[in-house]
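Start counting at 1 in the sequence shown, then tack on 1117, and there's your number in my numbering.
Beta carbons are placed, not taken as given, at the ideal position from N, Cα and C, and that holds for glycine.
This one's a predicted model, so the numbers in the text were calculated from it and none came from an experiment.
Only one structure is covered here, and it is reproduced in the block below.
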Amino acid sequence: MTTLAIVGTGNIAAGYLTDLRTYPGIEVVGGYDSDPARSAAFGAAHDLPIYGSLDELLGDEKVDVVVNLTPLSAHVPVTRAALRAGKHVFSEKPLAPTAHEARSLIAEAAAHGLRLGCAPFTYLGEAIQTAWKLVRDDAVGPIKLVYAEVNHDRIESWHPAPQGPYRAGPLFDVGVYSLTALTAMLGPARKVWAYGTILKPDRVTLSGEMFSPQAPDFSVVVLELAGGATVRLTANFYVGAGTRQSGIELHGERGSIHIADWTNFDSEIRVGLPPEPVALLGDPYRGIPWGRGIAEFVAAINEGRPHRCSAEHAAHIVDILAAAAQSQRTGAPVEVSSGFPSPLPMPWAA
């Protein structure tokens, strides 16, 4: 049995906990949040023991893995403290706010002989794994052009605490899903251009509190990938499900591969010219199994093999985000030199 403890009991924690409890060989033994009231409410709602402090959680010898679900501003201190306490860590995305901090965490994990993994894990789902298999099988020829649309709506209309995502911006908060999937499939980025702006400066929370975005609420990024593809990604907190532009399109010489939704594991996949629906590989999960990335991480530890959602890949994504932010400031393209071990497809999609 591998034991986990959750740090950060906010908006996404319930999805993680509920799904993690379905995996044999994994036990979630407790949780902690810096907000005592939120911790207590989460523990009561989900019948989960709550630690009185982060130090108490990290001092619990029965905890093998810390699941870091804190806001971005707390990712680095919580992950570093957990590694120094001898715990493996799986972190929410992005791994760190800066490239330097991301690599310092990788060095910390290596120094202690521990594993460090990071979301997003949605590319482990049946839909994107099916699309990736089509790419590997040369179904439409080499991929030359990719359009990725991340229209994530005005999240203050549903998110209980939207200020955090608006401090990071949609590129950091949700653009990473498509960036991670595309670099897994097509290789690392080598050059980044970006533009960003604030489309709607006045936002209102569900409780009626006024606030303003601290980062662009609209970003468009163009990337040159080492494998030869050019990617245009749009991310915003303005346009929602009403748009006809959604998902990811991969275009080759002989046709296209369309991923209708970059989140749901059972998203429709179309391929060809014109693209037609194809059956998904595996046994498609309806929606998002929040624990899949962590379950794969735990299995890799127990089997002594590399885990798929690697910190090195996550650090490369942080490099892309940093390059995009620099390009938005200067108007000039920014080169990216880092790489990462290519993740393997899931066994049922190989």
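{"Asked": "Inter-residue spacing [alpha-carbon to alpha-carbon] between L1174 and V1146", "Found": "10 Å"}
{"Asked": "Spatially closest choice to G1169 from A1154, G1160, Y1149 and L1222, by CA coordinates", "Found": "Y1149"}
{"Asked": "Exposure label - M1327; buried when at least 16 CB within 10 Å", "Found": "exposed"}
{"Asked": "V1321, buried or exposed, once every other Cβ within 10 Å from all chains shown has been counted against 16", "Found": "exposed"}
{"Asked": "Inter-residue Cα distance where the pair is G1357 and H1269", "Found": "6 Å"}
{"Asked": "Residues bridged to A1122 (per DSSP)", "Found": "G1147 and V1183"}
{"Asked": "Counterpart residues of E1393 in DSSP-defined beta bridges", "Found": "V1388"}
{"Asked": "9 Å Cβ cutoff met for L1241 and R1425", "Found": "yes"}
{"Asked": "Residue of G1399, L1189, P1166 and K1179 minimising C-alpha distance to D1383", "Found": "G1399"}
{"Asked": "Rounded C-alpha distance that separates G1203 from S1151", "Found": "21 Å"}
{"Asked": "CA-to-CA distance, G1304 to F1457, given in whole angstroms", "Found": "9 Å"}
{"Asked": "Beta-carbon contacts of R1307 that lie in its chain and below 7 Å, excluding the five residues immediately before and after", "Found": "E1341, L1342, A1343, E1452 and V1453"}
{"Asked": "Best match in G1369, I1437 and A1248 for proximity to G1345 [C-alpha to C-alpha]", "Found": "G1369"}
{"Asked": "Supposed contact pair A1278 and G1125 - C-beta distance, whole angstroms, cut 8 Å", "Found": "About 12 Å; that fails the 8 Å criterion."}
{"Asked": "Distance between M1463 and F1335 (C-alpha atoms, nearest Å)", "Found": "33 Å"}
{"Asked": "Residue from E1385, G1234 and G1313 whose Cα sits closest to the Cα of G1408", "Found": "G1234"}
{"Asked": "Length of the line joining the Cα atoms of R1232 and V1338", "Found": "31 Å"}
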